[in-house]
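Peer 1: The structure that follows is given in the form of structure tokens.
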Amino acid sequence: MADATGLRRINTELVRNALRQGGTKSKNDLARETGLSFPTVSRTVDALVQLGELREAGAAASTGGRCAQRYARDPRFRVMLCARLEGRQLSYEVRDLDGAVLERTELPHEGTVLQMLDKMAAQVREAYPNLGGAALGVDCPLQGGVVGESVSYPELAGISLSERLGRAAGVPAAAVRDVHLASTGYCARENGWDGVTVCIYLGPSGMGASTVVGGKAFEGASAFAGELHYLPIKNNLEYAKTHFAGADMVAYYMQVIRAYAALVNPARVVLYENPLLEGRVDRIRRACAQTLPAQAVPEILLSHGFREDYNAGLFRLASELTEERLHELLYL
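As structure tokens, this is what we get:
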């Protein structure tokens, strides 16, 4: 059974969700839509107005009695930082609570990665004193925001990028691997698709994958899940260094998909486009159909939307961090 604070959080989220749909609503409207009692809605709305998250939006048209006050969200009450570190290039967006992009910036490659991260956080914090949360996507393995062994960023091994970003930005922060963010973003963009899905991405730092179950990425006990270059495929570790020079990509993808079919039996496998996939996807589908039982062959999709999924995953993570901060402010 939820405690009093837990119930308040649930009630607040119900009211927020009702108002996220846009427009203005009265307390009676919110009570009908959420199923909460009018006194509960009234207390919740009053607290959110006092916090500044909601604003009064005028009275509704009179139906013969007292005109009801209507309320709307202020999407810029809090903003969030959504940043990407890719091949030592750091870029970021600042978004409002509705996801609208307020700023998009690519930082010049100056100094170390940590210096760039600190500079980004400092300038965003100064420009947006209403910053609520910060999410960072990184193209290397991380466990709980701590960088693992990485060919791309050997100097970052053992460093918590989540803590570093949080201290510099002064808000709740998290760093997550890019493919995990893209996979959760894919499910969010697919209208909340919650079937078991594997997303496979080949980028400048090698190939990685993410398994999504119920809309959440499964990272494993030490966030090693999806490190495809450790699969027992001939020359696999060398491919990480040579970017698959001389590899039979049809055979390689087929072996990866077969491994996932045997271990997690996904409904879908999403292959993010890259030059080494060009003209090969149908052959990969046929190879999987020939080497797997019919009931185990997943739907294999080619996606051109890695960037869109990645951004959606970043926004989702940043939103969760910001919501957590808002709950803390509301119930201090």
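Going from the sequence shown to the numbering used here is simple: count from 1 and add 1.
From the three backbone atoms N, C-alpha and C, an ideal C-beta is built for every residue, glycine too.
Predicted model, so just to flag it, every value in this text is computed and none were measured.
1. Taking 7 Å as the limit between beta carbons, can you name the residues of its chain near D4, skipping five residues before and five after?
2. Given 6 Å as the limit, tell me if R178 has its C-beta closer than that to any heavy atom belonging to the ligand ADP.
3. May I ask you to report which of helix, strand or coil DSSP gives D75?
4. Name the one or two DSSP bridge partners that T106 has.
5. One question on the structure: do L20 and R74 come within less than 7 Å of each other, judged by their Cβ atoms?
6. If we ignore side chains and look at the alpha-carbon of each, how far apart do V80 and S320 end up?
7. Whose C-beta lies closer than 7 Å to the C-beta of D99 among residues of the same chain, with five residues either side of it excluded?
8. Where does F219 fall in DSSP's three states?
9. Using CA atoms only, rank isn't needed, just tell me which of L137, E325, G216, H230 is closest to Y202.
10. Using three-state DSSP, classify C141 as helix, strand or coil.
11. Only counting the same chain, and skipping five residues up and downstream in sequence, which positions put a Cβ closer than 8 Å to that of L302?
12. Taking only the alpha-carbon atoms, compute the straight-line gap between E111 and A170 and give it to the nearest angstrom.
13. Is the beta carbon of P267 closer than 7 Å to that of T198?
14. So what does DSSP say about M2, is it helix, strand or coil?
15. What residues are listed by DSSP as bridge partners for V147?
16. If contacts are defined as beta-carbon pairs under 8 Å, then L118 and L52 qualify, I think. What distance do you get, rounded to the angstrom?
17. Mapping the DSSP letters down to three states, classify S211 as helix, strand or coil.
18. Could you please give the first and the last residue of the uninterrupted beta strand (DSSP E) stretch that includes V50?
Peer 2: Straight from the coordinates:
1. As a working note, residue 4 is residue 3 in the sequence shown. Excluding residues within five positions, none has a Cβ falling inside 7 Å.
2. Of ligands this structure carries none, so the ligand ADP is not represented either.
3. Counting from 1 along the sequence shown, the entry for residue 75 is found at position 74. Here D75 sits in coil by DSSP.
4. Along the sequence shown, read from residue 1 onward, the residue named residue 106 stands at position 105. Note: T106 sits in a beta bridge opposite Y93.
5. Reading the sequence shown from its first residue, position 19 is the one you call residue 20. Reading the sequence shown from its first residue, position 73 is the one you call residue 74. It is a contact, given that the beta carbons lie within the stated cut-off.
6. Position 79 of the sequence shown holds residue 80. Position 319 of the sequence shown holds residue 320. About 9 Å.
7. Reading the sequence shown from its first residue, position 98 is the one you call residue 99. Excluding positions up to five away in sequence, the list reads P76.
8. On the sequence shown, position 218 is the one that residue 219 refers to. Of the three classes helix, strand and coil, the one that applies to F219 here is strand, per DSSP.
9. Numbered from 1 along the sequence shown, position 201 holds the residue referred to as residue 202. Nearest C-alpha to Y202: H230.
10. Numbered from 1 along the sequence shown, position 140 holds the residue referred to as residue 141. Correct three-state label for C141: coil.
11. Looking up residue 302 in the sequence shown gives position 301. R269, V270, V271, L272.
12. Your numbering for residue 111 matches position 110 in the sequence shown. Your numbering for residue 170 matches position 169 in the sequence shown. For E111 and A170, the distance between alpha carbons rounds to 19 Å.
13. By one-based count along the sequence shown, residue 198 stands at place 197. By one-based count along the sequence shown, residue 267 stands at place 266. A contact, by the Cβ cut-off of 7 Å.
14. Here residue 2 corresponds to residue number 1 of the sequence shown, with the count starting at 1. Legend: pLDDT at M2 = 42, less than 50; position of this residue unreliable, value from coordinates given subsequently. Coil at M2, not helix or strand.
15. As a first step, residue 147 is located in the sequence shown; it is residue number 146 there, counting from the start. Paired residues: Q144, S161.
16. Here residue 118 corresponds to residue number 117 of the sequence shown, with the count starting at 1. Here residue 52 corresponds to residue number 51 of the sequence shown, with the count starting at 1. 30 Å between Cβ atoms; not a contact.
17. Translated into positions along the sequence shown, residue 211 becomes position 210. The answer is strand: DSSP assigns S211 an E or B state.
18. Position 49 of the sequence shown holds residue 50. Residue range 39 to 52 is occupied by the alpha helix (DSSP H) that includes V50, with no beta strand (DSSP E) assigned at that position.
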